[in-house]
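*Asks:* Residue numbers (this note's numbering), protein chains in the order written: chain A, 1 to 72; chain B, 1001 to 1257.
Even glycine gets a Cβ: it sits at the ideal position worked out from N, Cα and C.
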Amino acid sequence: MKVKNKIKITVNGKQIQVIPNFSLKSLMTKLKMPLNKIAIELNKKIIDKKRISKIYLQKGDKIEIVHFIGGG
Amino acid sequence: MLEKKFKIANKNFKSRLIVGTGKYKSFRECADAIKASGADIVTVAVRRVNISDKNKARLMDYIDPKKITYLPNTAGCFTAEDAIRTLRLAREIGGWKLVKLEVLGDKNNLFPEMIETLRSTELLTKEGFKVMVYCTDDPLMAKRLENAGAVAIMPLAAPIGSGLGIQNKVNIKIIRKQTKLPLIIDAGIGQSSDACIAMELGCDGVLINTAIAKAKNPIQMAEAMKLAVISGRKSFLSGRISPNIFGSASTTKKGII
């Protein structure tokens, strides 16, 4: 069944669609993100990872998920 | 002179060699080089996760942050705001407060933009970060950084990745004389003798990435750098002889036939 009213969000510069009332935690699970190795920014605000189940994504949200890579 | 502990922001470290984790062929090679270097601090960068390749290996899978101190950097940042954003994110990943600030001003020579670097040092220190600062080898700026709350002064030997070795020994010596903060040469080392010279100048440590990662044999070069840093430190502490343009025979004339 086609879900109506999907909302568009941007994750790490890529546009994706999620169903309404989709939590940030559900997004992390969908993307298989290891929470202890990443940091999350929602609309340029750092998000406490303990709170992600209470945050619901809105149309146009911009999410950045970062981790450590090699660097000098 | 007696050896003192290598202490940064009240934390003791065993190795005076800090290594970068960039530019290696693989995470495995990087992990092996770190082991050979004996380093207990490694620099790391903050970047976007690749969301399309969920199973891609991660640095943290190969280098355990419980065993090695991660030193998050601000590579690629050109303003204080970029640097602060990056380090706040780094802190969020796992609570890191000891950080390496690097605010660049030119895409070609990669020299640090010192006005933004100073401003960032002030702002980050106010936020509770312990800031190790990549900087030019200017003694006056080094003093300003110290006054702004930096926990380590890290002047370049030469441009990042250039492998040119220490270009301005006099400046490094002046900075050494004026500061009690850890003085760490960051960037520009090419071979182990460069690392050794840095230590002989009285630096507290050396930070090396490219010279190890891009060597033909990175693991062996990592060990060479480890030995050079130990050697240079011992040489510095031992107190060198005064240089003299004339010779001084090692064998006595007494009893000559």
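Of all the residues that make up the segment 15-36 of chain A, which are near chain B by a beta-carbon distance shorter than 9 angstroms?
*Replies:* If the cut-off is 9 angstroms between Cβ atoms, the segment 15-36 of chain A has I16, L31, K32, M33, P34 and N36 near chain B.
*Asks:* Tell me which residues share the same chain as N1073(B) and place their Cβ nearer than 6 angstroms to its Cβ, disregarding the 5 neighbours each side in the sequence.
*Replies:* Around N1073(B): T1043, A1045, K1100 and E1102.
*Asks:* Name the chain A residues whose beta carbon is nearer than 7 angstroms to that of G1095(B)?
*Replies:* The contacting residues do not exist; G1095(B) stays about 11 angstroms from chain A at best.
*Asks:* Spell out the partners DSSP gives M28(A) in its beta bridges.
*Replies:* Partner(s): none; M28(A) has no beta bridge.
*Asks:* Given that A1075(B) touches chain A, what residues does it touch there, using C-beta distances under 7 angstroms?
*Replies:* Result: G71 and G72.
*Asks:* Pull up the distance between the alpha-carbon of A1215(B) and that of K1097(B), whole angstroms please.
*Replies:* One C-alpha to the other measures close to 31 angstroms.
*Asks:* List, from N- to C-terminal side, the alpha helix (DSSP H) runs of 4 residues or more that fit wholly inside the segment 1061-1145 of chain B.
*Replies:* Runs of the alpha helix (DSSP H) inside the segment 1061-1145 of chain B: 1080-1094 and 1114-1126.
*Asks:* Can you tell me whether DSSP reads N1244(B) as helix, strand or coil?
*Replies:* In this structure, N1244(B) counts as coil in the three-state DSSP scheme.
*Asks:* Roughly how many angstroms lie between the CA atoms of K45(A) and R1176(B), to the nearest whole one?
*Replies:* Each residue's alpha carbon lies about 40 angstroms from the other.
*Asks:* Specify the secondary structure class of S1192(B) as computed by DSSP and reduced to three states.
*Replies:* Reduced to three states, the DSSP call for S1192(B) is helix.
*Asks:* Out of Y1070(B), Q1167(B) and G1105(B), point me to the one whose CA is closest to A1090(B)'s CA.
*Replies:* Of the candidates Y1070(B), Q1167(B) and G1105(B), the one whose C-alpha sits nearest the C-alpha of A1090(B) is Y1070(B).
*Asks:* For I69(A) versus N12(A), is the C-beta distance shorter than 8 angstroms?
*Replies:* No. Outside cutoff.
*Asks:* What residue range does the alpha helix (DSSP H) around A1224(B) cover?
*Replies:* Taken as a continuous stretch (DSSP letters only), the alpha helix (DSSP H) holding A1224(B) covers P1218 to S1238.
*Asks:* For a cutoff of 8 angstroms on Cβ pairs, would you count M1060(B) as touching chain A?
*Replies:* Chain A contact via Cβ: present.
*Asks:* What are the residues in the segment 1034-1058 of chain B lying within 7 angstroms of chain A by C-beta distance?
*Replies:* Within the segment 1034-1058 of chain B, the residues whose Cβ lies closer than 7 angstroms to some Cβ of chain A are T1043, V1044, A1045, V1046, R1047, R1048, V1049, I1051, K1054 and R1058, listed in chain order.
*Asks:* Can you check DSSP and say which residues form a bridge with A1249(B)?
*Replies:* The partner list for A1249(B) (beta bridge, DSSP) is empty, contrary to what the question assumes.
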